[in-house]
Every structure is written in C-alpha cells, then in structure tokens.
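Counting from 66, one number per residue, gives the positions in the sequence shown under my numbering.
Single-structure report; data block below.
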Amino acid sequence: MALTLLAKLMPWLAAQRSMEDILSVINASLGAQLSWVVIEQDDAWQIACNGEMECTLHDAQTLLEQLQLRRNQRAWRVICWRRNVGKLLFPTQPFTTNKLQSGVLCKLNYKDLSIKGYFFLAFAYPLSSLSIIKNVVIILVEKLKDYMEEIIIRERAAKEMQRVVTQYKALFDRAPVLMNSFDKTNRCILWNGECERLFGWSINELNQQSDPLALFFPDPEMRQQIRSSVNTSPAVDMHEWHPIRRDGQVLTVLWSNILLPDRSILSIGLDITERKKVEQQLEKKATIDDLTGCYNRFSMLRKLKEALVQCKPDEPRSHFSLLMLDLDYFKKINDRWGHLTGDAALVHFCDQIREHSDPSYLFGRLGGEEFLILMPHTDRKNALRFSQKIRAALACSPLLSGSEKIPLSFSAGLVFVCGEQTDTSILLTLADNALYDAKRSGRSKTVVASAFYK
Ligand SMILES: Nc1nc2c(ncn2[C@@H]2O[C@H](COP(=O)(O)OP(=O)(O)OP(=O)(O)O)[C@@H](O)[C@H]2O)c(=O)[nH]1
66 MALTLLAKLM PWLAAQRSME DILSVINASL GAQLSWVVIE QDDAWQIACN
116 GEMECTLHDA QTLLEQLQLR RNQRAWRVIC WRRNVGKLLF PTQPFTTNKL
166 QSGVLCKLNY KDLSIKGYFF LAFAYPLSSL SIIKNVVIIL VEKLKDYMEE
216 IIIRERAAKE MQRVVTQYKA LFDRAPVLMN SFDKTNRCIL WNGECERLFG
266 WSINELNQQS DPLALFFPDP EMRQQIRSSV NTSPAVDMHE WHPIRRDGQV
316 LTVLWSNILL PDRSILSIGL DITERKKVEQ QLEKKATIDD LTGCYNRFSM
366 LRKLKEALVQ CKPDEPRSHF SLLMLDLDYF KKINDRWGHL TGDAALVHFC
416 DQIREHSDPS YLFGRLGGEE FLILMPHTDR KNALRFSQKI RAALACSPLL
466 SGSEKIPLSF SAGLVFVCGE QTDTSILLTL ADNALYDAKR SGRSKTVVAS
516 AFYK
C-alpha cells in the first residue's frame, strides 16, 4: 500500500507541485478526510491544508500545544489515535468532530535549518490496524521532509534575494547621488529619487517626450556629446556637464558611467552647483578688485609675467605695451567731496577705460589710484593713441556729484615690450619712472619710458 502510494506521489513531488496538491493526492490515495502540514520557523507559522474539512492554523496550533508535541525534543514522534481524533482537533465543534474518527500526527525536525514540521492525517472511520498506517506515514513523511526541505531552502534564497533587492532599491532611491540609465531607444529605464528631486521631472514625464535628454540639454550638439560619452565610449572619470532643470536653472553636475554586467550603462552624478558657485565667488574674490571690478594687483602681475614668458624678440605678435596710470590730485577729490565720491571717481575712471579698451587688453588695479593696462600686440604709437583716447573720454564725461562736474585726469608711463626684457619688476620700475616723469612735468600726460624705446 505504501509503495503504491509513493509511486503515485513521486511524480507530484518531482514536478514541484504545491503542498496542497500533494496533500490532496495523499488524501485521495489513503481515503483520508483531512491532512495538513505545519511549518514553524523563526516564530513564524505556516499551514498547508487539504481535505473535505477546514482546519485553521489556530486549530492545528491548539492541537500541538495540547499534546505537548512542540516541547518534545525528539526529532521523530508519531502519535496515532484509533478513535475520536475530531474531538481533539475541534473541541468546540461537536458536529465536525463526529466526522473524524482516527488519525496520525507526526513531528519532524530539520536540525540544520532550525525548523520544526508537523504532518497530520485524519480519517472518517476508526482504523483497524494502526501500525500499518503508522508505517505508511513514516515513509511518507520521510519523502515529504526532503521535498519540504527543498522548498524551504528555495524560499529562503528567494527571501534573501528579496532582502538584497529591497536594500539596493532603498540605496538607489535614497542615496544622495544621481543615478539613471537610458536604453538604446533613448527611453529612461532608471531614474532615482535624487534625480527626480534635483531635476524636477518624474520618469513617466521623461518618457512622454520623444527625446527626454532634450529637456536637460536643448542644444542637439551637446546631446550628441552626452550620448557619445555614455554609449559610444563610456566616460568612467567624472566629467562636468551643465544640464537645465525643470525651473530653468542651469546646474553643474559631475557624471561618471558604469558598465553593468548586462552591458547596460548606469550613469552616476553629483550635483556640485552650489560648490561651483562658491568656488567661482572665491576665485573672483582672489582675482578681481572689489571696488572697480577690474583685476587686482596679484592677478595683474601674474598676467604680466605670463605675457613676458610668451614675448620673443623675433615674434612681433608677442610684443605688447604696458601702461601704468595714476589719477592726478586724487587726494583733493577725497578731501573736497569725501571718500565715497573718491570711490565713485575710481569706478568712473575704470568704466571709461573699459568702454574704450580693445577686448584683448588686460586691465588691473595695482593699489590706491594706480592702474596697469597690458595691451597685447600693440606698439608704442597705438598705445599712446589709446591713452589719449582715455584722456579725451574723461574730459568729455567728467564724474558727476549731483549737478557738479568733477574733472578727472591721469598721468601715465608707457613701456613697449619686445622680448628683450624678462624681469617684471624692472619693467614695472621703468613704467613707474616714466609715470613719475609725467607727474613731475605737469601731470595729465603720458611719458614713454626711455629704455626699450623703439
Ligand atoms: N576714496 C578712496 N581713496 C583712496 C583709495 N585708495 C587710496 N586712496 C586715496 O588716494 C589718495 C592718493 O593721494 P596721493 O598719493 O597724494 O596722490 P594724489 O593726490 O593723486 O596726487 P598725485 O598722484 O601726485 O597727483 C590718498 O588720499 C589715499 O587715501 C580708495 O580706495 N578710495
């Protein structure tokens, strides 16, 4: 009988059917009315039940508690009832109890998996030979045990997989870095929480566009560059890009690309817009004069040094003129109109220079009311012409203090640099001496330095 039953059951176990299906075959083969399997692991209980009668997990637990089977340490224990098993299982339901006359309950331990299992089988008639049914159940349970072990290991692996997926999903959604991926047809397939927060678009909104990337980079050429950096030759190093977000603000984002095992590419980005702004402000503070907006002494001298390095006697394009300017009688302006008007005079002077300068000219404040203009590939004649132009502009547009006109003039020293001089301090001394000559000989004029005169 046991062998016949097992022969019937084996294909079901091999086909990995559900526990309910297997119990149904057992019931049908043995003529049983009810069977269940209960699994207890990590304080969580599961029941699989089949038969003509309903048995809840609570019913099964009450029975196990009553028989103290759970506390019994033996791995194997088979309990058989010749009669009235229904009374034990359903003590409060007298009508149902009549239906179940006899039964077998078997305990099985999975030591390695720290799991307990219970198999129960009940019949509507009293069993004449308990030992036969007991032997059948022992063999049956042994087979069931292997099958259940397989299911449990599979379930655990699935649970672990689910746990890992949940962890990575949380990481993907909550990490303070941008993560996204687009497929070959330009559809967005990954768009994490930080992307949605920063750019203001959801993945559904992106995929309603024929080309989602156009939302961030309206320039088609820029889009081409992005695509090639992602798809053609994925740039692993962080590169700086300037996407536009939903409210129109231009961002600064560092992007890197990671090739995943399935050959898809995940782009990872870091929003550095605020950091970049601070950097730019610091850079500006370090190189630009606060009051006038022209270069400060430090950066002007650096630019002069760079120009000197490039300057070669046989390369006329590298020659340049250097003009050192100083406002005349500036102290008087401060004394008469006050320091704020003195500041306004400095700004006005710089505005005039800026307005009439060639874009290639470099212009900085050396300190106080002293300035330096570097004029690339400009000879002495043109440099002198330029200083006259500034003088005329200042005469035409005096500084206004209310309705009062404040005349401004300057003296200047000019040096033409043609590659024979390499020392900045000597050049500055030459320009300064020429400026001093201009002051001494009446002011409001430009004097050309005698050395390097050409
Ligand atoms: N308002 C204002 N004044 C400044 C600033 N820097 C320097 N000064 C003033 O500029 C004046 C320069 O005076 P001086 O060196 O005697 O030169 P000057 O009066 O222009 O006379 P000459 O150069 O000989 O024509 C001083 O009174 C400084 O206090 C500034 O940033 N703002």
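Every residue, glycine too, gets a C-beta built ideally from N, C-alpha and C.
Provide the residue span of the alpha helix (DSSP H) that contains residue i, from first to last.
| i | result |
| --- | --- |
| G258 | 258–264 |
| C461 | 445–461 |
| D408 | 404–421 |
| T338 | 338–352 |
| M365 | 362–375 |
| I87 | 84–95 |
| I45 | Residue 45 falls outside the range modelled here, since the chain spans only 66 to 519, and no answer is possible. |
| L464 | Taken as a continuous stretch (DSSP letters only), L464 belongs to no alpha helix (DSSP H), being part of the beta strand (DSSP E) at 464–466. |
| L431 | L431 -> not in any alpha helix (DSSP H); beta strand (DSSP E) instead, spanning 427–432. |
| L278 | No alpha helix (DSSP H) holds L278; DSSP gives it neither H nor E. |
What do you get for residue i, buried or exposed, if any count of 16 or more other CB atoms within 10 angstroms of its CB means buried?
| i | result |
| --- | --- |
| A72 | exposed |
| S506 | exposed |
| K172 | buried |
| L278 | buried |
| P11 | Any answer about residue 11 is impossible in this case: the structure gives the chain only from 66 up to 519. |
| Y518 | Note on Y518: pLDDT 42, under 50, position unreliable in the model; the coordinate value appears next. Exposed, since its Cβ has fewer than 16 Cβ neighbours within 10 Å. |
| Q375 | exposed |
| H384 | buried |
| I291 | buried |
| Y360 | buried |
| I91 | buried |
| V301 | exposed |
| P308 | buried |
| L102 | Note that residue 102 is Val in the sequence shown here, rather than Leu. Buried is the call here. |
| N115 | buried |
| E339 | exposed |
| K181 | buried |
| E485 | exposed |
| R382 | exposed |
| M84 | buried |
| Y233 | exposed |
| N51 | Nothing about residue 51 can be reported from this structure: the residues present for the chain run from 66 to 519 only. |
| V315 | exposed |
Pick out whichever of the options has its Cα sitting closest to the Cα of residue i.
| i | options | result |
| --- | --- | --- |
| S259 | P241, A93, K164, Q274 | The sequence given here places Glu at residue 259; Ser does not occur at that position. Checked all of P241, A93, K164, Q274; the closest Cα to E259 is P241. |
| L390 | N296, S364, F451, R147 | F451 |
| L325 | F247, N272, L392 | F247 |
| G96 | A351, F188, R136 | F188 |
| K446 | F481, P424, L464, I268 | F481 |
| S275 | T250, K176, E220, G478 | T250 |
| V169 | L493, V206, R252, K210 | V206 |
| K176 | N296, N399, R139 | R139 |
| R456 | F414, A496, D488 | F414 |
| K396 | F475, K377, S332, H442 | F475 |
| L195 | R135, G403, Q166, K210 | Q166 |
| A477 | E420, F282, R82, A514 | A514 |
Which stretch, first to last residue, makes up the beta strand (DSSP E) that contains residue i?
| i | result |
| --- | --- |
| H304 | 304–306 |
| L356 | Here L356 belongs to no beta strand (DSSP E), and DSSP marks it neither H nor E. |
| L325 | Element bounds for L325: n/a, residue is neither H nor E. |
| Q126 | Looking at the DSSP string, Q126 is not in any beta strand (DSSP E); the run it does join, the alpha helix (DSSP H), is 122–131. |
| L99 | 99–106 |
| E435 | 435–441 |
For a test of the three-state rule: what should DSSP assign to residue i, helix, strand or coil?
| i | result |
| --- | --- |
| E207 | helix |
| Y233 | helix |
| Q111 | strand |
| L192 | coil |
| K519 | Confidence at K519 is low in this model, with a pLDDT of 41, below 50, so its placement is unreliable and the value that follows should be read with caution. Looking at K519 - three-state DSSP - the assignment turns out to be coil, as it is neither helix nor strand. |
| T317 | coil |
| D391 | strand |
| G334 | strand |
| N251 | coil |
| S293 | helix |
| Y501 | helix |
| G478 | strand |
| V242 | coil |
| Q166 | coil |
| Y520 | Residue 520 cannot be examined here, being either before or after the span of the chain that is shown, 66 to 519. |
| G151 | helix |
| M118 | coil |
| R136 | coil |
| L492 | helix |
| V143 | strand |
Would a check of beta-carbon distances place residue i closer than 8 angstroms to chain C?
| i | result |
| --- | --- |
| L178 | Reference to chain C is not applicable here, since this structure consists of a single protein chain. |
May I ask whether a heavy atom of ligand 3 can be found less than 7 angstroms away from the beta carbon of residue i?
| i | result |
| --- | --- |
| H307 | In the structure on display, ligand 3 does not appear, and the ligands it does have are ligand 1. |
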